[in-house]
Structures are given as C-alpha cells and as structure tokens.
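Presented below is the structure to which this report refers.
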Amino acid sequence: MGKFIKLGKPALEKLAAFEQALNPQIPEGGAFGAKIIGYGEMSTVFRFADKTLSQYAFKRMAILHSNEEVNNYRRLYLQYHAELKKRGVETPDFGCEIVTAANGRPVIYILQALLDVTSITNKRLHSGSLQENLRLYEQILAAIERVFAGNTASQTGIQLGFDGQISNWAFARRLVYIDTSTPLTRTNGAEQLDTELFLRICPSYLVWIIKLFFLKDVMARYYDLRLVLIDTIANLYKEKRENWVAAFIGHANRFLAEKHPHIRPITKKEIASYYKEDKLIWRLFLFFRKVERWVRTKVLRQRYEIILPEKIDR
0 MGKFIKLGKP ALEKLAAFEQ ALNPQIPEGG AFGAKIIGYG EMSTVFRFAD
50 KTLSQYAFKR MAILHSNEEV NNYRRLYLQY HAELKKRGVE TPDFGCEIVT
100 AANGRPVIYI LQALLDVTSI TNKRLHSGSL QENLRLYEQI LAAIERVFAG
150 NTASQTGIQL GFDGQISNWA FARRLVYIDT STPLTRTNGA EQLDTELFLR
200 ICPSYLVWII KLFFLKDVMA RYYDLRLVLI DTIANLYKEK RENWVAAFIG
250 HANRFLAEKH PHIRPITKKE IASYYKEDKL IWRLFLFFRK VERWVRTKVL
300 RQRYEIILPE KIDR
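Residue 313, in numbering that gives the first Met the number 0, is where the sequence shown stops; the numbers in between run on with no holes.
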C-alpha cells in the first residue's frame with residue numbers, strides 16, 4: 000500500500016516559489032523545469048526537472064478559497080486513502096502539500112510517486128494483446144468490487160464514490176489506483192466533499208444550470224456500480240479500441256452475474272451512447288471554459304487560476 004510522503008523543506012520551498020511565480024496562461028518551464036503531464040477537470044498534473052522534485056507527480060488544485068476548505072479537503076483526502084487501504088485497493092505513495100498562490104489563496108498540491116507512463120493502464124491497451132488486457136481488467140473489476148463491497152458492509156456509514164475508469168489505474172508489479180484527488184465520501188448518505196468545488200470549475204453563466212440539472216446526477220454516478228463499470232468500458236472508444244468493447248462487456252456481465260445478479264447486464268448500445276454523450280458534454284464544457292478565460296483575461300484583465308488544455312481527447 001502507498002505510504003504517506005511529505006516534502007522536505009528545500010523541496011517545499013521550491014514548490015511554493017513555483018506557485019508564486021506561476022502564470023496559469025504559460026504554466027510550463029521556469030526555474031524548476033515544470034512540464035504538464037496530465038489534466039483533470041479540477042486540476043493540472045506537473046512533473047519537474049529539478050532533482051529535489053523530480054521523483055513525484057504534482058497535481059495542482061487551485062479551487063479552494065479558505066483554510067477551512069483546505070483543512071476539510073485534506074481530511075477527506077487522507078480518509079479516502081485510509082478507506083481504500085481497508086478495502087484492499089493499493090495506491091502509489093501519496094502526499095498533500097499546501098502553498099499560497101499569487102492571489103493569496105491556498106493551493107493544494109497532491110503528491111504521488113512518479114510512475115512510468117507505460118504502466119498507466121490506458122497506455123497498456125496499446126501495447127498488450129486483448130487477452131492480456133482482459134486479465135488486467137479482471138483485476139480492476141475485483142478491486143472495484145472490493146470498494147463497493149466495503150460500501151455495503153461499512154459499519155461506520157462511510158461510502159466511497161469511485162471513478163474506476165481505465166486511465167485511473169497503473170500496473171507495474173501490481174495494480175494501483177492513481178486518481179485519489181477527488182475524495183468523494185458519503186457519511187450516512189450525506190456527501191462530505193463540498194459540491195461547491197465542482198461548481199467553481201464551471202463558467203459563471205452556466206453554474207445555475209449545472210447545479211439545478213446536472214450536479215446531483217454527476218455526483219451520484221460514482222456511487223453506482225453499474226455506471227462505474229460502463230465508464231470503464233467506454234474508455235475503449237477514447238483509446239480507439241472499439242473492437243474490444245464486446246469482450247470487455249462479456250467480462251463485466253459475467254462479473255455482475257456472479258457478484259450482483261440483481262443488476263441488469265450491460266449492452267454495447269448503452270456503452271456507445273454513454274461515450275457519445277460524455278464526449279459531447281466535456282468538449283462543450285471545455286469550449287465554454289475557454290470563452291470565460293478569454294473574457295476574464297483579455298476583457299476584464301483578471302487572473303484566471305485554472306489551467307486548461309488546448310484540446311481534449313475523448
């Protein structure tokens with residue numbers, strides 16, 4: 000299981016200096032050789048050439064506005080790891096550091112031991128055979144089952160929301176789960192992660208629509224085993240492995256028949272529909288975020304903290 004890591008003083012000072020000097024519109028380069036290696040909806044993942052920082056991936060989250068929000072997030076982040084450990088889901092070494100942005104607000108950097116990019120499971124879809132990837136998918140299904148079995152058996156009322164999609168796993172000598180920066184957690188049915196954080200990544204003119212019509216459903220799908228499995232298989236379309244979809248559905252449906260016979264089987268039609276809708280939504284969402292970034296930076300001459308990809312490959 001991944002160990003908790005904490006930066007030494009020199010590394011933390013460099014991370015703080017990087018954040019203070021960061022221009023979100025030109026985020027790469029600088030004194031420590033920052034390079035973006037991934038994007039999330041709420042975060043950007045950096046690696047650094049500087050030797051004191053080079054062994055970790057750093058996921059920057061600039062959506063928190065107060066120390067109270069930071070402390071609540073950090074508590075949930077650590078609790079999420081503890082719950083995954085109880086359920087037998089391994090993670091890389093992990094950590095959580097807090098620095099101050101140029102605007103005076105706190106910024107959280109999620110640390111994770113830097114993994115070989117070829118170990119990320121969606122990359123393995125392009126290097127291994129169908130049978131090799133199906134065996135790996137069986138391990139992913141088993142890990143997802145442990146998460147949801149833990150939700151059912153929890154005596155503390157704690158349930159984990161889980162994003163089990165293919166790109167959120169890595170495999171070297173063992174399978175590890177790498178997307179722990181959105182610690183969705185319910186206690187006795189009440190969501191503990193502040194949903195306001197999700198709204199802060201939305202264009203201001205869409206917030207009320209998303210809050211009214213979409214937010215509840217988006218949050219709920221990570222607590223629904225069937226939808227989590229659909230999401231894992233839909234990744235195959237993104238990775239141009241559509242010809243493998245039927246085989247993966249077969250594995251998922253055998254898993255459901257054995258472990259959850261009350262859940263109806265998954266069909267290829269709904270996988271295709273789910274992927275098509277998801278792709279459209281996130282492409283439109285990125286477009287509207289870019290429009291808002293342009294308005295804020297070019298018209299209002301304000302700072303836009305969130306770093307956006309130029310395009311999104313879904």
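Even for Gly, the Cβ is constructed at its ideal location relative to N, Cα and C.
Fair warning: this is a prediction, and the values are worked out from it, not measured in the lab.
Next on the checklist: If I measure Cβ to Cβ from Thr117 and keep anything under 8 Å in the same chain, skipping five residues before and after, which residues do I get?
Outcome noted: As a position in the sequence shown, residue 117 is number 118, starting the count at 1. Result list for Thr117: Arg123, Ser126, in chain order.
- Identify the continuous alpha helix (DSSP H) that holds Thr151 and give its terminal residues. Sequence index remark: in the sequence shown, residue 151 carries index 152 (1-based). Counting along the chain, the alpha helix (DSSP H) containing Thr151 begins and ends at 129-152.
Measure the C-alpha to C-alpha separation of Arg220 and Leu159 and round it to an integer number of angstroms. Numbered from 1 along the sequence shown, position 221 holds the residue referred to as residue 220. Numbered from 1 along the sequence shown, position 160 holds the residue referred to as residue 159. Answer to the nearest angstrom: the Cα atoms are 12 Å apart.
*asked:* Contact between the stretch 3-16 and the stretch 44-53 is defined here as three or more beta-carbon pairs at a separation below 8 Å; is this criterion met?
replied: yes
- prompt: Quick one, are the C-beta atoms of Lys2 and Asp92 less than 7 Å apart?
  reply: Here the question's residue 2 lines up with position 3 in the sequence shown. Here the question's residue 92 lines up with position 93 in the sequence shown. Closer than 7 Å, so yes.
- prompt: Name the DSSP bridge partner or partners of Cys95?
  reply: Residue numbering aside, residue 95 sits at position 96 when the sequence shown is read from its first letter. Answer by DSSP bridge pairing, in chain order: Ile109.
| message | Could you compute how far the alpha carbon of Val397 sits from the alpha carbon of Thr179? | response | Given that the chain is displayed from residue 0 to residue 313, the structure contains no residue 397 and the question cannot be resolved.
Selected residue, minimal CA-CA separation from Glu96, among Lys275, Ala61, Glu89
Position 97 of the sequence shown, counting from 1, holds the residue named residue 96. Residue Ala61 is the option with its Cα nearest to Glu96.
*Just the Cα atoms here: how many angstroms apart are Ile262 and Leu114?*
On the sequence shown, residue 262 is found 263 positions in, with the first residue counted as 1. On the sequence shown, residue 114 is found 115 positions in, with the first residue counted as 1. For Ile262 and Leu114, the distance between alpha carbons rounds to 35 Å.
**Study point:** DSSP beta-bridge partners of Ile157
**Key:** For the purposes of this step, residue 157 is taken as the residue at position 158 of the sequence shown. Per DSSP, Thr186.
Problem - Beta-carbon proximity check, Tyr55 vs Leu110, cutoff 7 Å - result: Taking the sequence shown and counting its residues from 1, the one referred to as residue 55 is at position 56. Taking the sequence shown and counting its residues from 1, the one referred to as residue 110 is at position 111. Closer than 7 Å, so yes.
Quiz item: Any idea if Asp230 is buried or exposed, counting beta-carbon neighbours within 10 angstroms, 16 or more meaning buried?
Solution: To locate residue 230, count along the sequence shown from 1; it is residue 231. With 16 or more other Cβ atoms within 10 Å, it is buried.
Original post:
Is Ala10 near the ligand GDP, with its Cβ less than 6 Å from a heavy atom?
Top reply: As for the ligand GDP, it is missing from this structure, which has no ligand bound.
So for Ala101, helix, strand or coil by DSSP? As a first step, residue 101 is located in the sequence shown; it is residue number 102 there, counting from the start. Residue state, collapsed to three classes: coil.
Problem - Beta-carbon proximity of Pro105 to Val146, cut-off 7 Å - result: Mapped onto the sequence shown, residue 105 falls at position 106. Mapped onto the sequence shown, residue 146 falls at position 147. Not a contact, by the Cβ cut-off of 7 Å.
message = Using CA atoms only, rank isn't needed, just tell me which of His259, Arg199, Ala271 is closest to Asn234.
response = Here residue 234 corresponds to residue number 235 of the sequence shown, with the count starting at 1. Cα-wise, what sits closest to Asn234 is Ala271.
Decide if Glu82 is buried, meaning its Cβ has at least 16 other Cβ atoms within 10 Å, or exposed. As a working note, residue 82 is residue 83 in the sequence shown. Classification for Glu82: buried.
Alpha carbons only, please: which of His250, Thr99, Leu285 is nearest the one belonging to Lys267? On the sequence shown, position 268 is the one that residue 267 refers to. Measuring from the Cα of Lys267, the nearest candidate turns out to be His250.
For this session: Pull up the DSSP beta-bridge partners for Thr231, would you.
Result: On the sequence shown, position 232 is the one that residue 231 refers to. Answer is none; Thr231 lacks a bridge partner.
- Query: Hey, Tyr108 and Arg59: beta-carbon distance below 7 Å or not?
  - Reply: Taking the sequence shown and counting its residues from 1, the one referred to as residue 108 is at position 109. Taking the sequence shown and counting its residues from 1, the one referred to as residue 59 is at position 60. The answer is yes: Cβ separation under 7 Å.
Practice problem: Would you please state the rounded distance, in angstroms, between the beta carbons of Lys182 and Leu192? I believe it to be under 8 Å. | Solution: Counted from its first residue, the sequence shown places residue 182 at position 183. Counted from its first residue, the sequence shown places residue 192 at position 193. As written in the sequence, residue 182 is Pro, which differs from the Lys given in the question. Rounded, the Cβ-Cβ distance is 6 Å, consistent with contact.
Which residue wins for smallest C-alpha separation from Asp277, given the options Gln138, Gln301, Phe213, Ala148? Numbered from its first residue, the sequence shown carries residue 277 at position 278. Looking at the Cα atoms, Phe213 is the closest of the given residues.
Item checked: CA nearest to the CA of Met218, picked from Gly28, Leu133, Thr155, Phe161 -> For this step, residue 218 is matched to residue 219 along the sequence shown. Ranking the options by Cα distance to Met218, first place goes to Phe161.
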